[in-house]
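Q:
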Ligand code: HSE
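In the working numbering, the protein residues as written are 1 to 288.
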């Protein structure tokens, strides 16, 4: 039977995961948008409904629309598509709001077309929308949104995405300071060059983090969740960042850092009890 309509969950994502600027990312299973995509007899892409946030319905101005068009123009199908978006992830919050829409649109269309594209090809289509939203080409949010779990983007030209193991007892806690930071601005304050000693620290941490995921070694994960390259610059944009990070780590978080380009702050924990403790800790910092 041909399926004409699909409803999907589009996960929020934490990009960078501290040490892996532009390469590491992870999908969250409890936070995300919903999208309904249906085939239409008339050709073209239409965004018929967006709830939750005020975003453009014009296809060429919407990240979901731009990504959908990239796939559509490549596939040249006999049908068209209508897209409805229930936006739950606040745009500009640093947990992959635009990526959720971009990846959701192409993931759903691929299903309705009978899965002609691989996850890597879908990531490439979704990158078109992501690039429009952030002003730069990176796949560390769209890749985990499409593949699920932890991913490492080995390169974007050619696009190579590696799937990493996702330890079951690992939890993420997120705090959203009520400010918006545009990814383009958060990128513009970064230096073009970094000292060799920082580069050595950073790539040792990325390698260690990947090894920690493969071996489910939470102590090594904690040691690797450090960012000496980007966080020193971006943390200045986030109110009380140092305090929230210190408190989270003092209360048992494996690590704490900026989610994507911020302003959201994430902490990773071993188990749900620690996650609840860190949630209360973060709430206390922001309410005092
Ligand atoms: N890696 C990107 C950045 C993610 O940090 O600028 C943006 O969400």
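Even for Gly, the Cβ is constructed at its ideal location relative to N, Cα and C.
I want to see whether chain B comes within less than 8 Å of residue 98, judged by CB atoms only; does it?
A: No chain B is part of this structure, which consists of one protein chain only.
Q: Taking the DSSP output, what are the residues bridged to residue 33?
A: 10
Q: Please give me, in chain order, every unbroken run of the alpha helix (DSSP H) with length at least 4 that falls completely inside the region 50-80.
A: 63-75
Q: Name the one or two DSSP bridge partners that residue 266 has.
A: 174 and 257
Q: For residue 70, count the other beta carbons within 10 Å of its own beta carbon; 16 or more makes it buried, fewer makes it exposed. Which is it?
A: Looking at its Cβ environment, which holds 16 or more other Cβ atoms inside 10 Å, residue 70 is buried.
Q: Quick check: the Cα distance between residue 74 and residue 171, rounded to an integer number of angstroms?
A: 38 Å
Q: Just the C-alpha distance for residue 127 and residue 14, rounded to the nearest angstrom, thanks.
A: Cα to Cα, residue 127 sits roughly 16 Å from residue 14.
Q: Rounded to the nearest angstrom, what separates residue 118 and residue 142 at their Cα positions?
A: 14 Å
Q: Would you call the region 105-114 in contact with the region 162-170, where contact means no fewer than 3 C-beta pairs closer than 8 Å?
A: no
Q: Leaving out five residues before and five after residue 62 in sequence, what residues of the same chain have Cβ atoms less than 7 Å from its Cβ?
A: 47, 55 and 56
Q: Please report the straight-line C-alpha distance between residue 229 and residue 8, rounded to a whole angstrom.
A: Each residue's alpha carbon lies about 36 Å from the other.
Q: Per the DSSP calculation, residue 150 is bridged to which residue(s)?
A: 26 and 164
Q: Return yes when the Cβ of residue 262 is within less than 8 Å of the Cβ of residue 189, no when it is not.
A: no
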